[in-house]
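Protein chains in written order, with UniProt numbering: chain A, 1 to 431; chain B, 1 to 431; chain C, 1 to 431; chain D, 1 to 431. Yeah, the Cβ is synthetic: ideal placement off N, Cα and C, and Gly gets one too.
4 protein chains.
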Amino acid sequence: MHISTAALLRSTTAGAVPATLAQRFSTVRARSVALAAPLSAEDAMLQSMPDASPAKWHLAHTSWFFEHFVLAAQPGYQPLQPHWQVLFNSYYQSIGPAHARARRGLLSRPSLAQVLDYRTAVDARIAARFDEGSMDAQARRHLILGLQHEQQHQELLLTDIKHALWSNPLQPAYRQLQVPASAALPLGWIDNAERIVEIGAPAWPQHAPFAYDNESPRHRVLVAAHRLANRPVNNHEYRQFVEAGGYREPGCWLSQGWELCQAEGWQQPLYWDAHCQREFTLGGWRALDPHAPVSHLSYYEADAYARWAGARLPTEFEWEAAAATVPPAGHFADDDHLHPCTPAAATGSGPVQLFGDVWEWTSSAYAAYPGFRPLPGSLGEYNGKFMCGQYVLRGGSCATARGHVRASYRNFFAPSARWQFAGLRLARDGA
Amino acid sequence: MHISTAALLRSTTAGAVPATLAQRFSTVRARSVALAAPLSAEDAMLQSMPDASPAKWHLAHTSWFFEHFVLAAQPGYQPLQPHWQVLFNSYYQSIGPAHARARRGLLSRPSLAQVLDYRTAVDARIAARFDEGSMDAQARRHLILGLQHEQQHQELLLTDIKHALWSNPLQPAYRQLQVPASAALPLGWIDNAERIVEIGAPAWPQHAPFAYDNESPRHRVLVAAHRLANRPVNNHEYRQFVEAGGYREPGCWLSQGWELCQAEGWQQPLYWDAHCQREFTLGGWRALDPHAPVSHLSYYEADAYARWAGARLPTEFEWEAAAATVPPAGHFADDDHLHPCTPAAATGSGPVQLFGDVWEWTSSAYAAYPGFRPLPGSLGEYNGKFMCGQYVLRGGSCATARGHVRASYRNFFAPSARWQFAGLRLARDGA
Amino acid sequence: MHISTAALLRSTTAGAVPATLAQRFSTVRARSVALAAPLSAEDAMLQSMPDASPAKWHLAHTSWFFEHFVLAAQPGYQPLQPHWQVLFNSYYQSIGPAHARARRGLLSRPSLAQVLDYRTAVDARIAARFDEGSMDAQARRHLILGLQHEQQHQELLLTDIKHALWSNPLQPAYRQLQVPASAALPLGWIDNAERIVEIGAPAWPQHAPFAYDNESPRHRVLVAAHRLANRPVNNHEYRQFVEAGGYREPGCWLSQGWELCQAEGWQQPLYWDAHCQREFTLGGWRALDPHAPVSHLSYYEADAYARWAGARLPTEFEWEAAAATVPPAGHFADDDHLHPCTPAAATGSGPVQLFGDVWEWTSSAYAAYPGFRPLPGSLGEYNGKFMCGQYVLRGGSCATARGHVRASYRNFFAPSARWQFAGLRLARDGA
Amino acid sequence: MHISTAALLRSTTAGAVPATLAQRFSTVRARSVALAAPLSAEDAMLQSMPDASPAKWHLAHTSWFFEHFVLAAQPGYQPLQPHWQVLFNSYYQSIGPAHARARRGLLSRPSLAQVLDYRTAVDARIAARFDEGSMDAQARRHLILGLQHEQQHQELLLTDIKHALWSNPLQPAYRQLQVPASAALPLGWIDNAERIVEIGAPAWPQHAPFAYDNESPRHRVLVAAHRLANRPVNNHEYRQFVEAGGYREPGCWLSQGWELCQAEGWQQPLYWDAHCQREFTLGGWRALDPHAPVSHLSYYEADAYARWAGARLPTEFEWEAAAATVPPAGHFADDDHLHPCTPAAATGSGPVQLFGDVWEWTSSAYAAYPGFRPLPGSLGEYNGKFMCGQYVLRGGSCATARGHVRASYRNFFAPSARWQFAGLRLARDGA
């Protein structure tokens, strides 16, 4: 199974955007299988913490999503595996019971092979729907959502397996990877005067293109005058914070963050070694690249660093206002580095690396926009019920599928979460 | 000690605003002692949960605050009780170690009598500073802050002792209280068009009057069009939610809230009986008044109710925009009901009961305003480091000192907190 | 309340054994009040861990015991305080619900004064029963048991308050105490050949004198050949174990003990300072007396020390066989040192200090003797249901009432318990 | 891998006792592989609770045991997989660090295939030692111990995988199994007068045949007069206890047991359905056989049942005295039922089913015998350090290898453990 994984992965990401929905479906679905290809059935069962899920579960859950929301919406539908519904329902309480999240790693059955067969069977039924022309408008909408959903799980598959392999004392690599050396880029600041900006996306599906319900409605926000850093904080800068005692003194930390830092014995970012010289990547241990964006920070660490640096995190509105001016270009999972880097020096005076490489923590608590309406039915549970206790991250990472993010895209995690490719960009008040 | 408590309390709240800072100091300090007067030394030691503190600790900590920030700022100052510093430092890490919060109830020593003596001694030293004219500008600023601080602890003393007495199977009353019957007031809605509003207070002490650092700077916020309820949700309305199965179905709840609701077995608001007929008050058990504002809700319950009612919580900006138009009038601790009520029917079409009776949960996560600057030195730990994982409440309650709150005042608690006098006011998108 | 405590205590312990049951009742009851006399009402509320109880609760529970088992056995009895039954029932499930053990420290009401009044009222009713001659045989038996029960709680009152005062950063003394310097006594060994010994006491009340149900029936046990140390391990010896790295190496420890040692960060016995020079006593901090018996050890520490010393703990049968040959003499609570000591050099070659000063951990898990029968009714819950997960300690301590223990007396605690006056005596296989 | 498992298992158990140590080694080692054969690599990774281990870990750890204690004892030995030492060391602190027990399920690497290769390589090296005649006396002793050790893990492999498969909502069977219907056997009692019995085994290796260190030295114990049931308690009898409210009333329970029963919501034995009609077996769900021995009880449940039945658990000495009179015959893992049964009516008046089918909880806390000496070196950690907090079980079960147990064999588990094939036999005082 380990043969030609790179080729397989390449084949699932290369080329132009597929012309039809059926083709996009096929490409995204194949991509998930390709991402799991370097994993043995045993690897695919790993769940190293309750927040993470096994790769096998990701493969199954994303298929269940299509089966439940697309196929089963047709009257008289017979589920492929009736007993699996409870296993692969994630958190949709209005659908029915769900296997406890923290126990997803205990599902040796169905096997990875059976899950892959299940995927194939779901895909075949979807293909048949396309062929027979029975895919109505709602089915197409749910299918489009399902593809976005699957891309999210592709990223989680990567971050979850990274944590799981790191948890094994042998600390094996996910697979061989090439990460370009990063270029130095001086820190600069972009002034932004107070202004009203349009934030968010028009509500999908009434309006195209796709956006999650939590990005809508598009609305006006008054953004105060501020300065935004031209690039994310890099490893060299963050290491200075560590060496200056950043993890030993509470002065820069939020109260909750400091308590967690002490309780967990944090001394440096999640995957760094104790000497701040090396870091664990999906390709195994490698030397820390000083110019690459720092990653695998919790919100607390990002916030503490910013305060130590005499700055602050940007709001999600400040970030979006900047991002709306640039194309969503950057290093994504499709580039197959699967690690943040800054390979080419930026030109011009504008912000760089807003997209890709590392998610950027913002100071914005994840909350509903004015006029927010969840999707109807069970899909209303997709985003809305998590609008508490989390912070917004923006821009996508080296593990995000190209084309998945946009300026209005809102990712969200608890402030304690460290296992995502999450870094930060500095901001300052005034302009 | 139980004799003439009501008279004592009256004497500490009645009359006009004191003319001088020294007089205000004297009044506020006496008020704390009066609030503790109905309590035995044993009652004053109770700590029924880590979030709450014993009354004795409140009495001591507020005195420590004056001693440390006002008296000890003078060179050569000799502390009254050097060994007590660690006991009554709450959370100021830059000052030194602090006794563990969850173990404040284990301080039988110093005794309540010793703490009251300590208060007297601190007060005498402050008085001497006033008399000798050695109270410089910073000392006066810290003293002013200390009085605001003490008023916050007066409210906590009441909510903490309410929880503690309720935790005793005997469920004794704090003392006899008179709560007027509440008047029915039809629910109405006030339309507000989109507009830019000035939010917050000019930074104190550069600008008077007093405001906490978290209320500043005053800044412009674009508030979207919305409708705001004319009054808080009342017990009758909330009971309908309970009776409709609000605590049995996850549909209206945030995910975290539902998990907590199930883990804790919540079936109704904190102090209600199982039949939703009676509630525990500082005056003991009494019949639930259908027209009185519902209280002792967590954010999760307030949010779930609002969703069930086809509405939402207001943002703190929507609330402040409304509150800025009315005087901070309402029922405060000085009225000595110590329970929410709506005794007189409102007149006119505007919002009522924005101030006093119950704090109102807003949908706003507690966060820094653009340009926020914490107070210098250790006092910078007062508010800023808690800007994570909490929600803003507005308007004050029946346990808040009159004059303590204002339109820009921001209280904040974790979304799980139920032991405050916290209710809600509904809002809706559009106008 | 602090005046003449020593005198008060003396008056409750001095003199000959009271002639009548009524007199014994009066003496024991007065003793409890005297032990609590140095405590303020606040001190008497302290509960520093779930295993410990407040002094006030001890005073109330022991009175409830007499009220329930003696007074209330008479038909038509009206309880003095019906609402207090649930508060002061400890663990008698067959009687009814009991206030949660870990929350006994939250009972500010009833006050200490009310509890003392309750004691007085119970005593008066008992006295009336004596006077009117209505104390039947069962009532007398329950009263006798109640007196033994109260003596047990007198010891717990002392060990619980010691822990509670130590938990306060001020670490105040319970009261002034005189502890004699201990005399050096060379370690010697007493050989015992294999033999059948009679263990335990004839079942009370069928047979006098009093013994707990767990001491019966008296039965035959084959005790293997062994050697028993002539005296308990002393502080000097135990300090050698600490200094030799006893708390840093797992080699001598039981697996569970080592896990606990690491989890709790144990470095030395509970009340020793980090330098093994001083120890906290009921009389406050004092220099460690090298010749005094080591105390406040968990079973795990006692067991690890014994293994390190090339020995083992004795079985409870080995201990009892030795103790049966000597009078139950030693330093008890009545001597008012309230700390272990060895003031006079022993004479002769026999074992010394079997009784008093420190309880001695045995290697015997607390279990039923062959033919064990719990007392009938609710009193059957007194001892039997705890026969799991605990180890037997023998001999009484400096906090035990003189006359309370005997050779067959079995105390029991979890192996993790450190807050009792518990030390050890070494044994070895063979003879 | 699922083909011909039964045949494979048969081939590893059938036939006469192998003539040589090398042959025994080969047979036992093959048996472990055969037991794992019905499991996929995913199944073999399951760890459903900290007390259980994955099948793969059992396969690897048992091999590590031979490599470390037999092969590596030879100077200059080069480990097959140096990095695996920490992974497969269970708890030998004197050897070095061990991977955390609760995280054994996170070892996707090494793969099951690699572990099986490792087994083969260890076996080859052992075989080479035999061939070259370099197996000295100590090596042979450690090899003998290693075979006993491996048999213990064979049983754990079965009980652990049973729990793991049951934890999956799909609740798959381990494999198809045939369990004979059980015959009814009236409960009878065997009288035993007081007598001194020889308990335990002469110390191995000084004396043959093999016995664990915890079975020695053989010593004299006085066993009181008692009556012992002729057979274990069966499902029908235990169901009567359940139906009589045994799990709803605390009266028969030890205090700790009742707390656990309530905390965990126990309503019946571990693998029974809520209606007490069916039970989960290694062969999947099947009807409860009323005459089969009840199994999967904790000590607390066994003890409560015995008290409810007016009896008690036997001591391990009472059990051994009876067992010493009968051959160690019964249904063992080799019979391939893997579930307790009583297929043939017993004849005569003696005790039956002392061996095999179900382990029998005794009332004896697991403790050292007088004169106990652990094996020298790291092997001293095998048994001795667990002599705390556990109870002795006797007789072996349907999952124990035939020939593994004997009258003196002492198994031990925490009183809360339910996942072993553990039942009980009643005893009564007197004769």
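- Listed in chain order, the positions of the segment 144–169 of chain A with a beta carbon within less than 9 Å of a beta carbon of chain D are Ala164, Leu165, Ser167, Asn168, Pro169.
- Cβ-Cβ separation between Pro340/B and Cys398/B: approximately 5 Å, consistent with a contact (criterion under 8 Å).
- Taking a C-beta distance under 7 Å as the contact criterion, Phe66/B and Gly146/B qualify as a contact pair.
- Taking a Cβ-Cβ threshold of 8 Å, the residues of chain C close to Pro415/D are Cys388, Gly389, in chain order.
- Contact annotation: in the segment 87–118 of chain D, residues whose CB is within less than 8 Å of a CB in chain A are Leu87, His99, Arg103, Gly105, Leu106, Leu107, Ser108, Arg109, Pro110, Ser111, Leu112.
- Under the Cβ criterion of 7 Å, Ala41/D is counted among the residues facing chain A.
- In this structure Asp303/C touches Leu254/C by the C-beta definition: roughly 6 Å separates them, less than 8 Å.
- According to DSSP, His226/B shares a beta bridge with Asn192/B, Asp429/B.
- Here the segment 406–424 of chain D makes contact with the segment 386–394 of chain D; the two share three or more CB pairs at distances below 8 Å.
- For Ala329/B, no beta strand (DSSP E) encloses it, and the DSSP letter there is neither H nor E.
- For His58/A, no Cβ of chain D is located within less than 7 Å of the residue's own Cβ.
- The alpha-carbon of Trp266/A is positioned some 7 Å away from that of Tyr247/A.
- Residue nearest to Pro205/D within the set Arg195/D, Val197/D, Pro217/D, Ile196/D is Pro217/D (criterion: CA-CA distance).
- For the pair His226/D and Gly200/D, the CB atoms are not nearer than the 7 Å cut-off.
- Cβ atoms of Leu116/A and Val70/A stay farther apart than 8 Å, at about 19 Å.
- For Arg428/A, the CB contacts under 6 Å within the same chain, skipping 5 residues up- and downstream, are Arg227, Ala311 in chain order.
- Close partners of Gly371/B in chain A (Cβ separation under 8 Å): Ala224, Asp429, Gly430.
- Counting along the chain, Ser63/C sits inside no beta strand (DSSP E); it lies in the alpha helix (DSSP H) bounded by residues 55–66.
- Pairing Glu318/C with Ala224/C, the inter-Cα distance amounts to about 9 Å.
- Sorting Ser53/A, Met387/A, Ser108/A by C-alpha distance to the C-alpha of Ser364/A places Met387/A at the top.
- Tyr118/D counts as buried, since at least 16 other C-beta atoms from the protein chains shown sit within 10 angstroms of its C-beta.
- Remark: three or more beta-carbon pairs, one from each stretch, lie closer than 8 Å, so the segment 48–63 of chain A and the segment 96–110 of chain A are flagged as touching.
- Ranked by Cα distance from Gly403/A, the first of Ala333/A, Ala417/A, Asp131/A, Arg425/A is Ala333/A.
- Closest in C-alpha terms to Glu150/B, from the list Trp64/B, Gln85/B, Arg140/B, Gln114/B, comes Trp64/B.
- Taken atom to atom, the span from the alpha-carbon of Ala306/C to that of Tyr300/C is near 10 Å.
- Nearest C-alpha to Ala73/D among Ala321/D, Pro343/D, Leu379/D, Arg406/D: Leu379/D.
- A residue is called buried when at least 16 other Cβ atoms come within 10 angstroms of its Cβ; Arg109/D meets this threshold and is buried.
- The segment 172–179 of chain A and the segment 90–104 of chain A do not touch, with fewer than three beta-carbon pairs separated by less than 8 Å.
- Residue pairing of Leu393/B in beta bridges, as defined by DSSP: Trp361/B, Asn411/B.
- Chain-order list of chain C residues neighbouring Leu270/B: empty, with the shortest C-beta distance near 16 Å, by a criterion of under 8 Å.
- The CB of Leu282/D never comes closer than 7 Å to any CB in chain A; the least such distance is about 15 Å.
- Residues of chain A with a Cβ closer than 7 Å to the Cβ of Ile190/B do not exist, since the nearest Cβ in that chain sits about 16 Å away.
- DSSP places Phe280/B within a strand segment (E or B) once states are collapsed to three.
- For Ser255/C, the nearest beta carbon of chain B is not closer than 7 Å to its own beta carbon.
- In the three-state DSSP reduction, Arg109/C falls in the coil class, being neither helix nor strand.
- Looking at the backbone, the Cα of Trp84/A and that of Gln114/A are separated by about 11 Å.
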